[in-house]
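Below: one structure, written as structure tokens.
Number of protein chains: 2
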Amino acid sequence: MGRTRPGDAGAKVLKAASTLFYRDGIHAVGVDTVAAEAGVTKAALYGNFGSKSGLVVAYLRERDRQWQEEIDRITAAHADPRERVAAVFDTYEAWLSRDGYRGCAFLNATSEFPDPADPVREVVRHHKTALHSYLRAQLRHSEPERAEALADELMLVLEGAAVTSVVAQGPQPFHTAKRLARTLTG
Amino acid sequence: MGRTRPGDAGAKVLKAASTLFYRDGIHAVGVDTVAAEAGVTKAALYGNFGSKSGLVVAYLRERDRQWQEEIDRITAAHADPRERVAAVFDTYEAWLSRDGYRGCAFLNATSEFPDPADPVREVVRHHKTALHSYLRAQLRHSEPERAEALADELMLVLEGAAVTSVVAQGPQPFHTAKRLARTLTG
DNA sequence: CAGCGAACAGACAGGTCTGTCTGGTGTCAA
DNA sequence: TTGACACCAGACAGACCTGTCTGTTCGCTG
Numbered sequence: 167m168g169r170t171r172p173g174d175a176g177a178k179v180l181k182a183a184s185t186l187f188y189r190d191g192i193h194a195v196g197v198d199t200v201a202a203e204a205g206v207t208k209a210a211l212y213g214n215f216g217s218k219s220g221l222v223v224a225y226l227r228e229r230d231r232q233w234q235e236e237i238d239r240i241t242a243a244h245a246d247p248r249e250r251v252a253a254v255f256d257t258y259e260a261w262l263s264r265d266g267y268r269g270c271a272f273l274n275a276t277s278e279f280p281d282p283a284d285p286v287r288e289v290v291r292h293h294k295t296a297l298h299s300y301l302r303a304q305l306r307h308s309e310p311e312r313a314e315a316l317a318d319e320l321m322l323v324l325e326g327a328a329v330t331s332v333v334a335q336g337p338q339p340f341h342t343a344k345r346l347a348r349t350l351t352g
Numbered sequence: 167m168g169r170t171r172p173g174d175a176g177a178k179v180l181k182a183a184s185t186l187f188y189r190d191g192i193h194a195v196g197v198d199t200v201a202a203e204a205g206v207t208k209a210a211l212y213g214n215f216g217s218k219s220g221l222v223v224a225y226l227r228e229r230d231r232q233w234q235e236e237i238d239r240i241t242a243a244h245a246d247p248r249e250r251v252a253a254v255f256d257t258y259e260a261w262l263s264r265d266g267y268r269g270c271a272f273l274n275a276t277s278e279f280p281d282p283a284d285p286v287r288e289v290v291r292h293h294k295t296a297l298h299s300y301l302r303a304q305l306r307h308s309e310p311e312r313a314e315a316l317a318d319e320l321m322l323v324l325e326g327a328a329v330t331s332v333v334a335q336g337p338q339p340f341h342t343a344k345r346l347a348r349t350l351t352g
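Chains as they are written, first to last, in this note's numbering: chain R, 167 to 352; chain B, 167 to 352.
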């Protein structure tokens, strides 16, 4: 009884995978579980993504895409580059709060995939590079010659707040992070 | 042919577990592999640690103990509190370099064990709390009333450098981190 | 209305995981 | 010398993993 239109299975699998992989960890979740949660058969899952690795990469790409949309929203909502930087910190904090403080999905994936040559790690590098570029581009307006170094520093603070929030089980580190970011950006 | 003295098995297992768990990830390494690498039977492993979870906790406790020794060495080698803080950053960087940029074992374990109530997570919290306390204690000498906030900030920078080094596949982020730390501690 | 593609249902293979159990072997201490 | 103890060697159970396969059913398109 295929009560859904063809082509929907991929999206449903991706949504279920996103929830389960993020919440429980990638290695800890089997494809059977993902398929069941998505209300889809394993055959449909493999037909859409080829393998579990393929699904994992798709999961991270989708997260990156969503984050990119968030960045676009920030850019549209704030004209001042310094406000945009602040909004990045706020958004990061809001994401972590919404998702129950399990930290950055990309850093978690990095912990689970030790091989730097793994496609998963390439998606992570792409994501982090894009974030760094965005920060640097914003900082170029106010501090042209310090933009690169400042972006490096803000990335450290941002990542530090993300992982520390998990250990601390709460967003308190973001108060520190935002204060520090304000100090640095002047 | 028991060619080693009784009581050695536990230490050999712990050493093998430390190498394998850190390098490949905890979930990715089976107890058979650990026992084989240690040159010990599975029965001996279970006799010493009770379960894989028990072994994982022992592995992290051992890492914490080694780190504590490092802290003691730093304290003995430097009388100036500010030098001690700098030495913590250097030591962190050296550990990561030695271990092939797989990051902080405690943060990696946090990624693999989502449940905050898990004994593994308690060891992680203990470790991070101890480090924060040490930094705060040192900072109290030079900046009594800012010690707490400064320790918070340095922790963010330190953790940020640790995870960013993994993504970047090199210790470059520690240059940024140490520069930032020097700026903050004045 | 005919046919094709996509999903369904569910069994199946082959491997790995944690954890246990039996029986043999070596060492040390009483 | 005897007995306790820690370990070795390796089989075993039961669960779970990824990935494949057969056959069926639905909806869309030509």
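Using N, Cα and C, we set each Cβ at its ideal position, and we do this for glycine too.
Kindly indicate if chain B contains any beta-carbon less than 8 angstroms away from that of residue 282 of chain R.
Yes, because at least one Cβ of chain B sits closer than 8 angstroms to the Cβ of residue 282 of chain R.
Please classify residue 209 of chain R as buried or exposed, where buried requires at least 16 neighbouring CB atoms within 10 angstroms.
Answer is exposed; the Cβ neighbour count stays below 16.
So, is residue 335 of chain B buried or exposed, given that buried needs 16 or more other C-beta atoms within 10 angstroms?
Answer is exposed; the Cβ neighbour count stays below 16.
Output yes if chain B places a C-beta closer than 8 angstroms to the C-beta of residue 277 of chain R; else output no.
It does: the Cβ of residue 277 of chain R has a partner Cβ on chain B nearer than 8 angstroms.
Which runs of the alpha helix (DSSP H) spanning at least 4 residues fall entirely within the region 247 to 332 of chain B, listed in chain order?
Here the runs fully enclosed are 247 to 264, 271 to 278, 285 to 308.
Check the Cβ of residue 208 of chain B against every Cβ in chain R and list those closer than 7 angstroms, keeping chain order.
Result: empty, since nearest Cβ-Cβ is about 21 angstroms, beyond 7 angstroms.
Taking the alpha carbon of residue 263 of chain B as the point to measure from, which residue in B/352, B/196, B/309, B/329 has its own alpha carbon closest?
The residue with the shortest Cα to Cα distance from residue 263 of chain B is B/329.
Consider the Cβ of residue 230 of chain R: report whether some Cβ of chain B lies at a distance smaller than 8 angstroms.
Residue 230 of chain R does not count as touching chain B.
Assuming residue 298 of chain R contacts residue 317 of chain R under a Cβ cut-off of 8 angstroms, what Cβ separation, rounded to an integer in Å, is found between them?
Between residue 317 of chain R and residue 298 of chain R the Cβ distance is about 5 angstroms, and since that is below 8 angstroms, they are a contact.
Distance check for residue 323 of chain B and residue 343 of chain B, CA to CA, integer angstroms please.
Answer to the nearest angstrom: the Cα atoms are 6 angstroms apart.
Residue 207 of chain R lies in the alpha helix (DSSP H); which residues open and close that run?
Run containing residue 207 of chain R: none; DSSP gives neither H nor E here.
May I ask you to list, following chain order, the residues of the region 242 to 265 of chain R that have a beta carbon less than 9 angstroms from some beta carbon of chain B?
Listed in sequence order: no entries.
Kindly indicate which residue of R/301, R/325, R/326 has the alpha-carbon position closest to the one of residue 314 of chain R.
For the residues R/301, R/325, R/326, the minimum Cα distance to residue 314 of chain R belongs to R/301.
May I ask you to list, following chain order, the residues of the region 319 to 333 of chain R that have a beta carbon less than 9 angstroms from some beta carbon of chain B?
Of all residues in the region 319 to 333 of chain R, 319, 321, 322, 323, 324, 325, 326, 327, 328, 329, 330, 332, 333 have a Cβ within less than 9 angstroms of some Cβ in chain B.
With three or more beta-carbon pairs closer than 8 angstroms as the criterion, would you say the region 304 to 312 of chain B touches the region 247 to 258 of chain B?
The region 304 to 312 of chain B is in contact with the region 247 to 258 of chain B.
Straight-line CA distance for residue 226 of chain B to residue 272 of chain B?
Between residue 226 of chain B and residue 272 of chain B, the C-alpha separation is close to 7 angstroms.
So residue 159 of chain R is in the alpha helix (DSSP H); what residue range does that whole segment cover?
Outside the displayed span of chain R (167 to 352) sits residue 159 of chain R, for which this structure offers no information.
Return the CA-CA distance between residue 351 of chain B and residue 350 of chain R, expressed in angstroms with no decimal places.
Cα-Cα distance, rounded: 14 angstroms.
Helix, strand or coil, according to DSSP, for residue 219 of chain B in the structure here?
Helix.
Please determine, among R/189, R/183, R/178, R/203, the residue with the shortest C-alpha to C-alpha distance to residue 150 of chain R.
Any answer about residue 150 of chain R is impossible in this case: the structure gives chain R only from 167 up to 352.
Taking 6 angstroms as the limit between beta carbons, can you name the residues of its chain near residue 184 of chain B, skipping five residues before and five after?
225.
Would you say residue 197 of chain B lies against chain R (beta-carbon separation less than 8 angstroms)?
No, because no Cβ of chain R sits closer than 8 angstroms to the Cβ of residue 197 of chain B.
Measure from the C-beta of residue 222 of chain B to each C-beta in chain R and report whether the shortest distance is under 8 angstroms.
For residue 222 of chain B, the answer is no, since every Cβ of chain R falls outside 8 angstroms of its Cβ.
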